[in-house]
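For the sequence shown, counting from 1, position 231 maps to 231 in this note's numbering; every step adds exactly one.
The structure appears below as structure tokens.
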Amino acid sequence: MSRLCQVAACLSAWCFSMEITVGRDRKPTCVKYERILENAVDFLNGGLELLFASNFSSQTAKVAVVSIQTSVELLAKYRMVREAGLQSIVQGKLPSKNLDQAVKEAKFSTLGFGKVLDLVGAIEGLTDDEKRLINELVNIRNDLVHFASEVDPESVKLSCVHILARVLSIFALGEARDIGEMADYRLLLSEQNFNKLINFDPYRAEAVDAALESLDAEKVFKCYMCGNESFCLRASENYFCHCCGFSVVSDAIAFAACDACSSVDRVFFDPLNTTNNMHYGKCMDCEVKQWVWECPDCGSVVSQVDGKARRACTYC
Ligand SMILES: [Zn+2]
Ligand SMILES: [Zn+2]
Ligand SMILES: [Zn+2]
Numbered sequence: 001m002s003r004l005c006q007v008a009a010c011l012s013a014w015c016f017s018m019e020i021t022v023g024r025d026r027k028p029t030c031v032k033y034e035r036i037l038e039n040a041v042d043f044l045n046g047g048l049e050l051l052f053a054s055n056f057s058s059q060t061a062k063v064a065v066v067s068i069q070t071s072v073e074l075l076a077k078y079r080m081v082r083e084a085g086l087q088s089i090v091q092g093k094l095p096s097k098n099l100d101q102a103v104k105e106a107k108f109s110t111l112g113f114g115k116v117l118d119l120v121g122a123i124e125g126l127t128d129d130e131k132r133l134i135n136e137l138v139n140i141r142n143d144l145v146h147f148a149s150e151v152d153p154e155s156v157k158l159s160c161v162h163i164l165a166r167v168l169s170i171f172a173l174g175e176a177r178d179i180g181e182m183a184d185y186r187l188l189l190s191e192q193n194f195n196k197l198i199n200f201d202p203y204r205a206e207a208v209d210a211a212l213e214s215l216d217a218e219k220v221f222k223c224y225m226c227g228n229e230s231f232c233l234r235a236s237e238n239y240f241c242h243c244c245g246f247s248v249v250s251d252a253i254a255f256a257a258c259d260a261c262s263s264v265d266r267v268f269f270d271p272l273n274t275t276n277n278m279h280y281g282k283c284m285d286c287e288v289k290q291w292v293w294e295c296p297d298c299g300s301v302v303s304q305v306d307g308k309a310r311r312a313c314t315y316c
């Protein structure tokens, strides 16, 4: 544990041993706050490797929890620095002279995690559930580091994946959820960690809750990338999946009911790509490929399995 404590103590020095922006109104030199993200990503992947390793035990659970909690703290700071500059997470005023040197020598201290959470909460609106999950992990970590307590590996694993289902989107992506970049959490996670995490049922279930509770979600669909019911159409007219982190502009994908199995919104298709005024789609439930067309009178979408006679619009 002592090595981990050292790592934790050195963390701010690592995070800020770089040139960083100091705020929107005072932008100096080059901006490299991505270093905070790099460190967060290293702790995150290290923690997840332990969490999903075949020899996961109460011993490795302790290291995993400290690593993942550290990454969560760094991700929250990353969100704030990206949003409002370095000053936003620093106690007191940043030095106006020789800032780079002060940063390298870590001559200032950053706000506690609770304060940083309040700041993120002010721009994002954290739900009570999200705050509860975050505090749960903070408490486990503190108990471990300060009181040498024991942990139950399975409950630690649940705490970690539940919190990640909430904070990866809020802290790590932030506004990136609303620019539909067609990227996913592989930006943050190794291929192996990505696959283990997004296929872990408790994580998937929490991602569904996160999608349903998201204040920016207008409707929730099944994700055509990971198959989880956590694909949000957001107020920004972008889709974002709370499970795999995939985002895409709303023009690029649309959903229709399935002509083969009758499930609602399960046929996904590209509305910009047409053949004879029809779109080619596929049902996520029964996997039957089919055609989708838009009713010229009411604009609703109708799907039909290839070879069947064209149906009348079911809505008008
Ligand atoms: Zn997904
Ligand atoms: Zn179907
Ligand atoms: Zn119609």
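Just so it is clear, CB atoms sit at the ideal spot from N, CA and C, and this is done for glycine as well.
In terms of alpha-carbon separation, which member of the options lies closest to residue i?
i	options	result
Lys115	Asn98, Ser71, Phe108 and Ile89	Ile89
Leu86	Thr110, Val66 and Glu105	Thr110
Pro202	Val156, Ala122, Glu191 and Asp297	Val156
Ser190	Arg35, Ala211 and Asp42	Asp42
Ala74	Glu124, Val167 and Ala254	The question names Ala, but residue 74 in the sequence shown is Leu. Nearest option by C-alpha distance: Val167.
Gly46	Glu34, Thr60 and Arg35	Thr60
Asn135	Leu164, Phe108 and Glu154	Leu164
Ala254	Gly245, Val264 and Asp270	Asp270
Arg324	Arg132, Gly245 and Arg177	Residue 324 lies beyond the range of the chain shown here (1 to 316); nothing can be said about it.
Arg82	Gly281, Val292 and Leu119	Leu119
Glu276	Arg266, Val264 and Glu294	Before going on, a small fix: residue 276 reads as Asn here, not Glu. Looking at the Cα atoms, Glu294 is the closest of the given residues.
Leu126	Ser214, His279 and Gln192	Ser214
Ala122	Asn142, His162 and Arg79	Arg79
Arg204	Ala312, Ser236, Cys232 and Val161	Val161
Arg266	Ile36, Val302 and Lys107	Val302
Ser236	Ala76, Gln101 and Gly174	Gly174
Phe52	Glu34, Gly307 and Leu158	Leu158
Asp129	Leu44, Leu212, Ala252 and Lys308	Leu212
Gly180	Ser71, Ser247, Lys62 and Leu137	Ser247
Asp306	Cys298, Asp297 and Tyr280	Tyr280
Could you check what DSSP says for residue i in three-state terms: helix, strand or coil?
i	result
Met278	strand
Arg234	strand
Val151	coil
Ser250	helix
Ser57	coil
Cys295	coil
Ala122	helix
Thr314	coil
Tyr239	strand
Cys160	helix
Ala257	coil
Val288	coil
Lys115	helix
Lys219	strand
Val145	helix
Val302	strand
Phe268	strand
Glu73	helix
Glu136	helix
Gly307	coil
Glu181	strand
Any heavy atom of ligand 5 within a distance shorter than 7 Å of the CB on residue i?
i	result
Asp285	Judged by which ligands are present, ligand 5 is missing from the structure shown, whose ligands are ligand 1, ligand 2 and ligand 3.
Taking all protein chains shown into account, decide if residue i is buried (16 or more other Cβ within 10 angstroms of its Cβ) or exposed.
i	result
Ile170	buried
Asp259	buried
Asp184	buried
Gln69	buried
Glu154	exposed
Ser58	exposed
Tyr315	exposed
Ala40	buried
Cys261	exposed
Ile140	buried
Gln290	buried
Arg177	buried
Thr29	For Thr29, the predicted model reports a pLDDT of 30, less than 50, meaning its position is unreliable and no value from the coordinates is stated.
Asn375	Residue 375 falls outside the range modelled here, since the chain spans only 1 to 316, and no answer is possible.
Cys223	buried
Cys369	Shown here, the chain extends from 1 to 316; a query on residue 369 therefore has no answer.
Ile36	buried
Ser54	exposed
Leu272	exposed
Ser96	exposed
Arg311	exposed
Within 8 Å of any Cβ in chain C, is that where the Cβ of residue i sits?
i	result
Phe147	Among the protein chains of the structure shown there is no chain C, as only one such chain exists.
(message) Under 8 Å: do the segment 145–159 and the segment 209–226 share three or more Cβ pairs, one atom per stretch?
(response) With fewer than three CB-CB distances shorter than 8 Å, the segment 145–159 does not count as touching the segment 209–226.
(message) So if I measure from each beta-carbon to every heavy atom of ligand 3 and keep distances below 6 Å, which residues remain?
(response) Answer in sequence order: Cys295, Asp297, Cys298, Ser300, Cys313, Tyr315 and Cys316.
(message) Does the contact criterion of 3 or more C-beta pairs under 8 Å hold for the segment 193–208 versus the segment 277–288?
(response) Judged by Cβ distances under 8 Å, the segment 193–208 makes no contact with the segment 277–288, as fewer than three pairs qualify.
(request) Pair every Cβ in the segment 184–199 with every Cβ in the segment 229–240, then say whether three or more of these pairs are closer than 8 Å. (result) The segment 184–199 makes no contact with the segment 229–240: fewer than 3 CB pairs, one atom from each, lie closer than 8 Å.
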